[in-house]
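Remarks on the structure that follows.
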Amino acid sequence: MIGVFDSGLGGLSVLAAIARALPRADLVYLADTAHVPYGDKDDAFIRGRVLAIAGHLLERGCTLIVVACNTATAAAIAAFREACPGVPVVGVEPGIKPAAAASPARHIAVLATESTARSERLARLVRLHADGVRVDIAPCPGWATRVETLHLDGPEFIAEARRRIEPLLAAGADRIVLGCTHYAFLAPVLRPIVAGRAELVDVADAVARQCLRLAGPAAHGNGHLTLLATARPERLQAALPALGLHALLPRIATPAAPCAC
Ligand code: DGL
Numbered sequence: 112m113i114g115v116f117d118s119g120l121g122g123l124s125v126l127a128a129i130a131r132a133l134p135r136a137d138l139v140y141l142a143d144t145a146h147v148p149y150g151d152k153d154d155a156f157i158r159g160r161v162l163a164i165a166g167h168l169l170e171r172g173c174t175l176i177v178v179a180c181n182t183a184t185a186a187a188i189a190a191f192r193e194a195c196p197g198v199p200v201v202g203v204e205p206g207i208k209p210a211a212a213a214s215p216a217r218h219i220a221v222l223a224t225e226s227t228a229r230s231e232r233l234a235r236l237v238r239l240h241a242d243g244v245r246v247d248i249a250p251c252p253g254w255a256t257r258v259e260t261l262h263l264d265g266p267e268f269i270a271e272a273r274r275r276i277e278p279l280l281a282a283g284a285d286r287i288v289l290g291c292t293h294y295a296f297l298a299p300v301l302r303p304i305v306a307g308r309a310e311l312v313d314v315a316d317a318v319a320r321q322c323l324r325l326a327g328p329a330a331h332g333n334g335h336l337t338l339l340a341t342a343r344p345e346r347l348q349a350a351l352p353a354l355g356l357h358a359l360l361p362r363i364a365t366p367a368a369p370c371a372c
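Residues in the sequence shown are numbered consecutively from 112, following my numbering.
The following block contains the structure:
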C-alpha cells in the first residue's frame, strides 16, 4: 500500500499521476484538512504534522510514503528520514532542475507558498540545479486556500494571477514552476496568462515515476483508493469531480473517512 498525503486537496494532483502510473497499487490519500494551509505555518508545526501523519500511514500498513506537498517536503522530509530510517519516502520539490534545463532564456520563476519560498531547501535546489540561470521566487499567499474552497477561477482570481505573473514574464522568465501541488488545479487560469511567452512546469509525473521505481510489491494490489481527512472527509471525496479527477472515483471502495492523527 502506498500512502500519499498533503495539507488538503493539492496532493490529489500527485495522487492522480501515481494512480495512472501504478494502476494496481492500493493507495491511501490523507488530507490534513484540520490544519490546511501549511504554507503560513512555521517549520516546527509542519514537522509535527508530517511525523504524525506518516506514522499513521505506516501503522495502516503503507510501505511507501509520498509527501505530496512542497511545503511539507521542504520543512520536514529530512526529519522524517531521520525518525524513520529505511522507510522509502518520496517528496515533492519545485521543478527547478527541469525548468532550468529547458529555459532558452536562462530565466525561470517559481510560484510557491510563503513557507516554501523562504525555505533553505529551495535555496539549495536553486544552487544545485540553476547555476547561471536567473530564478525569481514568487510567494502566492491564499492560492492554496482558494483551491481548498474550490474557487478555481473567476475574474477576481484571474486579475490577481495576472498581477503576480505578468511582472515575471515581463522580466523575461520563460518557465513558470508550479511550486505547490495545489497550483496544478489553477493551471486552467494560469496557462492562458503565460501562453506564447512561457510554459508551466509541474513535477507530478516525475514523482509518479519515482514511486514506480520504489514501490516494489506495493505496485501489485487491487487498485483500491482509501480517502482519509483530519476534518470534513466528505468534502475530500466530493471535490474529486470538481477538480477533474473522475478517473479516481472507480478506485474508491469505501466512503472517505475521518482520521484523528
Ligand atoms: N500543497 C502544498 C504544497 O505543495 C501546501 C499548500 C498549503 O497547505 O499551504 O506546498
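The beta-carbon is built from N, C-alpha and C at its ideal position, and this holds for glycine as well.
If we count the other Cβ atoms within 10 Å of its Cβ and call it buried at 16 or more, is residue i buried or exposed?
i	result
Leu261	exposed
Arg343	exposed
Asn333	exposed
His218	buried
Leu175	buried
Asp302	According to the sequence as given, residue 302 is Arg; it is not Asp. Label assigned to Arg302: exposed.
Pro250	buried
Arg281	According to the sequence displayed, residue 281 carries Ala and not Arg. Exposed: under 16 other Cβ atoms inside 10 Å.
Ala364	exposed
Arg131	exposed
Glu259	buried
Arg274	exposed
Gly119	buried
Asp153	exposed
His167	buried
The alpha helix (DSSP H) that contains residue i, what's its start and end?
i	result
Glu225	Glu225 to Ala228
Phe156	Asp154 to Glu170
Pro209	Ile207 to Ala213
Val125	Leu123 to Ala132
Val237	Glu231 to His240
Ala187	Asn181 to Ala194
Thr256	Trp254 to Glu259
Residue range of the beta strand (DSSP E) that residue i falls in?
i	result
Leu141	Leu138 to Ala142
Leu311	Glu310 to Val312
Ile363	Neither: Ile363 is in no beta strand (DSSP E) and is coded neither H nor E.
Val201	Val200 to Gly202
Arg245	Arg245 to Pro250
Leu175	Leu175 to Val178
Val115	Ile113 to Asp117
Is it the case that the Cβ atoms of residue i and residue j are separated by a distance below 7 angstroms?
i	j	result
Leu336	Gly290	no
Ala183	Val147	no
Gly150	Val178	no
Gly122	Val115	yes
Asp117	Thr256	no
Leu279	Ala142	no
Val314	Gly206	yes
Pro215	Val312	no
Uninterrupted beta strand (DSSP E) stretches inside the segment 276–346 (no shorter than 3 residues):
286–289, 310–312 and 336–340
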